[in-house]
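*Asks:* Below: one structure in structure tokens.
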Amino acid sequence: MALPLLQYKPSSQNHRVTSFGPSDLDEDTPYIYRLEDISSYSDRQNIIWAAYRQVFSEHEILKFNRQQHLESQLKNGSLTVRDFIRGLAKSEAFYRLVVSVNNNYRLVDICLKRFLGRSSYNKEEEIAWSIVIGTKGFGGFVDALIDSDEYTEAFGENTVPYQRKRLVDRPHNLVTPRYGEDFQESAGTVKTDWRFTLQNFYSRKAQERRMAEGDPRKYADMASAIAPKGNYAQNIRAAELDYMSLVPSRSGSRR
């Protein structure tokens with residue numbers, strides 16, 4: 001049985017502002033993409049790219065991240081923008097790029113920014129939605145956000161989500177990288193992984209790879225592995241030879 005969403009109260013200045021408002025129409029005001037406003041094929045294509053930018057927070061969508069089956073459904077009218085956003089959020093590409101590299105608290109903050117157009121109000125809200133992820137899974141969390149009353153009132157069925165709250169650091173896709181510092185450290189991108197350095201630069205094999213071809217030091221291990229036994233060259237000195245035993249006797253020569 002899934003737990004209900006915990007109650008939380010907005011405690012930041014963000015909740016006091018419903019939107020940027022008409023007085024804020026400047027270069028920072030987001031452009032709103034609506035399905036009702038399209039009049040050509042290029043307009044529909046712009047809605048698709050705007051949805052990709054909002055969900056993936058990428059300025060250039062790579063080919064292997066595209067969901068062409070969802071795009072075709074949106075183009076022929078069998079899919080709403082809301083369900084297109086839902087499909088992108090539940091795609092394998094989004095899970096690989098965003099979900100798998102973040103803890104639940106940071107994942108909540110990222111998804112609120114990308115699907116509801118605002119950052120989390122406080123830690124209580126992050127905890128409440130984190131419990132939803134833990135009980136319903138990420139897919140259930142996505143459905144809870146996109147089917148929420150807040151999403152419906154802000155974007156409806158055919159509007160691409162956009163940043164609708166004032167924030168000092170904006171836009172969201174520039175201030176919220178794909179993964180946080182905890183994952184960067186575990187991946188070795190912040191702190192130096194000395195095991196990697198030793199293995200790739202100072203180990204015996206790494207040094208041998210940097211030697212020129214034909215260098216006899218490359219074959220030192222091979223030579224020592226042969227370890228011949230009983231075939232050593234004889235070490236004979238002249239003082240140790242018994243010359244008399246080597247000279248035939250006269251009696252033997254007469255015979």
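Read left to right, the sequence shown gives residues 1 to 255 (full-length UniProt numbering).
Just so you know, even glycine gets a beta-carbon here, dropped at the ideal spot from N, CA and C.
Owing to the predicted nature of the structure, the values given are computational and were not obtained by experimental measurement.
Between the alpha carbons of PRO161 and PHE138, how many angstroms are there, rounded?
*Replies:* Here residue 161 refers to the residue found at position 161 when the sequence shown is read from its first residue. Here residue 138 refers to the residue found at position 138 when the sequence shown is read from its first residue. C-alpha separation (whole angstroms): 19 Å.
*Asks:* Rounded to a whole number of angstroms, what is the C-alpha to C-alpha distance between TYR219 and ASP242?
*Replies:* For the purposes of this step, residue 219 is identified with residue 219 of the sequence shown, where counting begins at 1. For the purposes of this step, residue 242 is identified with residue 242 of the sequence shown, where counting begins at 1. If you take the alpha carbons of TYR219 and ASP242, they lie about 41 Å apart.
*Asks:* Quick check: the Cα distance between SER57 and LYS113, rounded to an integer number of angstroms?
*Replies:* By 1-based counting over the sequence shown, the position of residue 57 is 57. By 1-based counting over the sequence shown, the position of residue 113 is 113. Their Cα atoms are separated by approximately 10 Å.
*Asks:* Please tell me whether ARG51 and PHE84 are closer than 7 Å, where the distance is taken between their beta carbons.
*Replies:* Your numbering for residue 51 matches position 51 in the sequence shown. Your numbering for residue 84 matches position 84 in the sequence shown. Looking at the sequence shown, residue 51 is not Arg but Ala. Yes, the pair counts as a contact, with Cβ atoms nearer than the cut-off.
*Asks:* When the Cα of VAL142 is compared with those of ALA89, GLU126, GLY156, THR135, which residue comes out closest?
*Replies:* Start at 1 with the first residue of the sequence shown, and residue 142 comes out as number 142. Residue ALA89 is the option with its Cα nearest to VAL142.
*Asks:* With three or more beta-carbon pairs closer than 8 Å as the criterion, would you say the stretch 35 to 46 touches the stretch 115 to 123?
*Replies:* Touching, no.
*Asks:* Between ILE127 and SER203, what straight-line distance do the alpha-carbon atoms span, to the nearest angstrom?
*Replies:* As a first step, residue 127 must be located in the sequence shown, where it is residue number 127. As a first step, residue 203 must be located in the sequence shown, where it is residue number 203. Cα to Cα, ILE127 sits roughly 46 Å from SER203.
*Asks:* Run through DSSP, which three-state label would ILE38 get?
*Replies:* Looking up residue 38 in the sequence shown gives position 38. DSSP places ILE38 in coil when its eight states are reduced to three.
*Asks:* Mind pulling the alpha helix (DSSP H) runs of 4 or more residues that sit fully within the stretch 85 to 125?
*Replies:* List check, alpha helix (DSSP H) in window: 92 to 97, 104 to 111.
*Asks:* Three or more C-beta pairs under 8 Å: does that hold for the stretch 120 to 135 against the stretch 67 to 80?
*Replies:* With a cut-off of 8 Å, the stretch 67 to 80 and the stretch 120 to 135 do not count as touching, because too few Cβ pairs lie within range.
*Asks:* Go to TYR219, then tell me how far its alpha helix (DSSP H) extends in each direction, as first and last residue.
*Replies:* As a first step, residue 219 is located in the sequence shown; it is residue number 219 there, counting from the start. TYR219 -> no alpha helix (DSSP H), and no H or E assigned at all.
*Asks:* Measuring straight from C-alpha to C-alpha, what distance separates LYS75 and ASN103?
*Replies:* As a first step, residue 75 is located in the sequence shown; it is residue number 75 there, counting from the start. As a first step, residue 103 is located in the sequence shown; it is residue number 103 there, counting from the start. Distance between the alpha carbons of LYS75 and ASN103: 35 Å.
*Asks:* Report the three-state DSSP secondary structure of THR159 (helix, strand or coil).
*Replies:* Translated into the one-based positions of the sequence shown, residue 159 becomes position 159. THR159 falls in the strand class under three-state DSSP.
*Asks:* Where do the ends of the alpha helix (DSSP H) carrying GLN68 lie?
*Replies:* Counting from 1 along the sequence shown, the entry for residue 68 is found at position 68. From DSSP, the alpha helix (DSSP H) with GLN68 extends over 68 to 75.
*Asks:* Hey, ARG34 and THR159: beta-carbon distance below 7 Å or not?
*Replies:* Here residue 34 refers to the residue found at position 34 of the sequence shown. Here residue 159 refers to the residue found at position 159 of the sequence shown. Yes, Cβ-Cβ distance for ARG34 and THR159 is below 7 Å.
*Asks:* In this structure, how does DSSP classify ALA50 when only helix, strand and coil are distinguished?
*Replies:* Residue numbering aside, residue 50 sits at position 50 when the sequence shown is read from its first letter. Looking at ALA50 - three-state DSSP - the assignment turns out to be helix.
*Asks:* Helix, strand or coil: which one does DSSP assign to GLY134?
*Replies:* Along the sequence shown, read from residue 1 onward, the residue named residue 134 stands at position 134. Here GLY134 sits in helix by DSSP.
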